[in-house]
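Residue numbers for the sequence shown follow the numbering used here, so the first one is 2 and each next one is one higher. C-beta: ideal position from N, C-alpha, C; glycine also. Quick notes on the structure that follows.
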Amino acid sequence: MKHVAKLSLAPAWVCLLVLASAYVTILALRVELRFGGDVTALFCVGDTKPIPSLVTNQNFFVHSNWEGYDGEYALFLSFDPLLRTGMARGFDKPAYRSQRIGLPLLAHALALGKPAALPSTMIALNLVALLVSGWFFLKILKHVGASPWWVLAYGFSPGFLSAELRVLPDATAMSLIFIALWAVIRGRWMPAALLLSLGTLVRETTLLASLALFAWVWLHRDRRGALWFLLPLAVYGVWASYVTAQVGAWPYTAGFDWPMTGIVGKILLGLKEIAVVQGKAGKPVAAIVVSIAVEAVFNIGLLYSCYLAIHRLKDAAREWLTYLWCAYALLAVMLSIYQWCQYWHLARVLDPLVLLPLLVYQQTRERRYLVPLLCAVPVSVMVLFSPR
2 MKHVAKLSLA PAWVCLLVLA SAYVTILALR VELRFGGDVT ALFCVGDTKP
52 IPSLVTNQNF FVHSNWEGYD GEYALFLSFD PLLRTGMARG FDKPAYRSQR
102 IGLPLLAHAL ALGKPAALPS TMIALNLVAL LVSGWFFLKI LKHVGASPWW
152 VLAYGFSPGF LSAELRVLPD ATAMSLIFIA LWAVIRGRWM PAALLLSLGT
202 LVRETTLLAS LALFAWVWLH RDRRGALWFL LPLAVYGVWA SYVTAQVGAW
252 PYTAGFDWPM TGIVGKILLG LKEIAVVQGK AGKPVAAIVV SIAVEAVFNI
302 GLLYSCYLAI HRLKDAAREW LTYLWCAYAL LAVMLSIYQW CQYWHLARVL
352 DPLVLLPLLV YQQTRERRYL VPLLCAVPVS VMVLFSPR
């Protein structure tokens, strides 16, 4: 293992301050200019589905002619994180929504259950988690001898940006994964497993990272220590059992299909569907063309990342990074057409396919590992200027 150098405080703090200032400015301007200062607008509550009776008196900003987005369920759950009122039974997918309890539960605890404080607390939690993980990403960059300014590529990746602007739990889950990776680099299995256990409660796909690291530690390091990485699976099992008792159904992960089906569907059907939907919405032809081009380039970048992950098996088959990267490549080819239908859906789930090659680039300086990141830049721009 390489010697871990101490992180130089001056450039690291400057980079982190730039990241924090940029996000605070973007969120503040978005809320003030687009939504009249109402922070609840970030949760994308829609008016085409009924709002649970428990929160109807909270005066949320409701987007007209909009079916809502996943952030609204995290907001609703923060009012009843232990599922005692039965509110979750009214969700479109009660067990599926309820399994992602980590962020709502943390917000409820920090806000002391005060309803008025819950939206702001959730927004702050997501941002603080990103900044803390940014600090640990800076440590990883120092470890491999890279410039600290690469933390901006990390912080403004399309997955992080879309999750921060829509207050989605994906941002906190991804933050916990990268903090855990620093513990992995230091050979500290227990802290890494505890962080991933919390991440699993925030978003269930964090289990993928846990199982990949379990396999790596088991095969190449310490079989006893590898058992720590089964802890997230046990934690998920306990919470899933509780969810089943409360809502009457076992949680699951939506959107899996036969390998490559989603990608094929995207190529054959998805891009055409974008043109149809945006055309009906009255968008100009130029805007539709740009959207399709951004989608196509991003998907090419993700597919190339999958190719690089397989190729990495030949070059560095014994590295933890290879195991983690291949796990997310497998997830990519298993996704259904739904996850591939819009770039912000895809970015939330597959951001590691952008960020893990960036870490390999810092080690090897081979420019091909930057291709997924470059293909993702237009997505971040589109997310930044999206109407919601």
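Cβ pair residue i, residue j closer than 9 angstroms
{"i": "residue 302", "j": "residue 376", "result": "yes"}
{"i": "residue 141", "j": "residue 186", "result": "yes"}
{"i": "residue 92", "j": "residue 119", "result": "no"}
{"i": "residue 319", "j": "residue 67", "result": "no"}
{"i": "residue 357", "j": "residue 154", "result": "no"}
{"i": "residue 258", "j": "residue 306", "result": "no"}
{"i": "residue 328", "j": "residue 202", "result": "no"}
{"i": "residue 69", "j": "residue 94", "result": "no"}
{"i": "residue 156", "j": "residue 237", "result": "no"}
{"i": "residue 152", "j": "residue 16", "result": "yes"}
{"i": "residue 227", "j": "residue 216", "result": "yes"}
{"i": "residue 344", "j": "residue 295", "result": "yes"}
{"i": "residue 310", "j": "residue 354", "result": "yes"}
{"i": "residue 244", "j": "residue 113", "result": "no"}
{"i": "residue 46", "j": "residue 36", "result": "no"}
{"i": "residue 139", "j": "residue 195", "result": "no"}
{"i": "residue 281", "j": "residue 342", "result": "no"}
{"i": "residue 132", "j": "residue 20", "result": "yes"}
{"i": "residue 164", "j": "residue 363", "result": "no"}
Own chain, CB closer than 6 angstroms to residue i, minus 5 neighbours either side, in chain order
{"i": "residue 130", "result": "173, 176"}
{"i": "residue 6", "result": "Confidence at residue 6 is low in this model, with a pLDDT of 49, below 50, so its placement is unreliable and the value that follows should be read with caution. Excluding positions up to five away in sequence, the list reads 143."}
{"i": "residue 361", "result": "370"}
{"i": "residue 190", "result": "226, 229"}
Local Cβ density within 10 Å of residue i, reported as buried at 16 or more and exposed below that
{"i": "residue 54", "result": "exposed"}
{"i": "residue 383", "result": "buried"}
{"i": "residue 180", "result": "buried"}
{"i": "residue 22", "result": "exposed"}
{"i": "residue 48", "result": "exposed"}
{"i": "residue 99", "result": "buried"}
{"i": "residue 135", "result": "buried"}
{"i": "residue 325", "result": "buried"}
{"i": "residue 286", "result": "exposed"}
{"i": "residue 160", "result": "buried"}
{"i": "residue 381", "result": "buried"}
{"i": "residue 300", "result": "buried"}
{"i": "residue 72", "result": "buried"}
{"i": "residue 223", "result": "exposed"}
{"i": "residue 313", "result": "buried"}
{"i": "residue 82", "result": "buried"}
{"i": "residue 367", "result": "exposed"}
{"i": "residue 117", "result": "exposed"}
{"i": "residue 206", "result": "buried"}
{"i": "residue 158", "result": "buried"}
{"i": "residue 218", "result": "buried"}
{"i": "residue 2", "result": "With a pLDDT of 42 at residue 2, under the threshold of 50, the predicted position of this residue should be treated as unreliable, though the coordinate-derived value follows. Residue 2 is exposed by the Cβ-count criterion."}
{"i": "residue 30", "result": "exposed"}
{"i": "residue 246", "result": "exposed"}
Own chain, CB closer than 8 angstroms to residue i, minus 5 neighbours either side, in chain order
{"i": "residue 124", "result": "28, 40, 43, 168"}
{"i": "residue 4", "result": "Its pLDDT being 46, under 50, residue 4 is placed unreliably by the model, and the measurement read from it follows with that caveat. Same-chain partners within the cutoff: there are none."}
{"i": "residue 193", "result": "181, 182, 184, 185, 214, 229, 230"}
{"i": "residue 279", "result": "288, 289, 292"}
{"i": "residue 385", "result": "27, 162, 166"}
{"i": "residue 32", "result": "38, 39, 40, 42, 43"}
{"i": "residue 75", "result": "44, 101, 104, 105, 123, 168, 169, 170"}
{"i": "residue 298", "result": "376, 379"}
{"i": "residue 115", "result": "none"}
Sequence-distant residues of the same chain with beta carbon closer than 7 angstroms to residue i, five excluded per side
{"i": "residue 340", "result": "256, 263, 346, 347, 350"}
{"i": "residue 199", "result": "103, 177"}
{"i": "residue 77", "result": "53, 56, 88"}
{"i": "residue 221", "result": "319"}
{"i": "residue 108", "result": "79, 119, 122, 123, 126"}
{"i": "residue 150", "result": "16"}
{"i": "residue 65", "result": "48"}
{"i": "residue 333", "result": "303, 307, 351, 354"}
{"i": "residue 372", "result": "302, 305"}
Check: residue i C-beta below 8 angstroms from any heavy atom of the ligand PLP
{"i": "residue 200", "result": "Among the ligands in the structure shown, none appear at all, so the ligand PLP cannot be discussed."}
Can you find at least 3 beta carbon pairs, one from the stretch 239–258 and one from the stretch 272–286, that sit closer than 8 angstroms?
The count of Cβ pairs closer than 8 angstroms, one atom from the stretch 239–258 and one from the stretch 272–286, stays below three, leaving the stretches out of contact.
As an exercise, report each continuous alpha helix (DSSP H) stretch of at least 4 residues that is fully enclosed by the stretch 310–349, in chain order.
Entirely contained in the stretch 310–349, the alpha helix (DSSP H) runs reaching 4 residues are, in chain order, 321–335.
Which runs of the beta strand (DSSP E), 3 residues or longer, sit entirely within the stretch 211–273?
Counting only runs of 3 or more residues that sit fully inside the stretch 211–273, no beta strand (DSSP E) segment turns up.
Give, in chain order, every unbroken run of the alpha helix (DSSP H) that is at least 4 residues long and sits entirely within the stretch 12–86.
Secondary structure in the stretch 12–86: the alpha helix (DSSP H) runs of 4 residues or longer, each lying completely within the stretch, are 71–79 in chain order.
What are the complete alpha helix (DSSP H) segments, minimum 4 residues, inside the stretch 141–207?
152–156, 159–166, 171–186, 190–203, all fully within the stretch 141–207.
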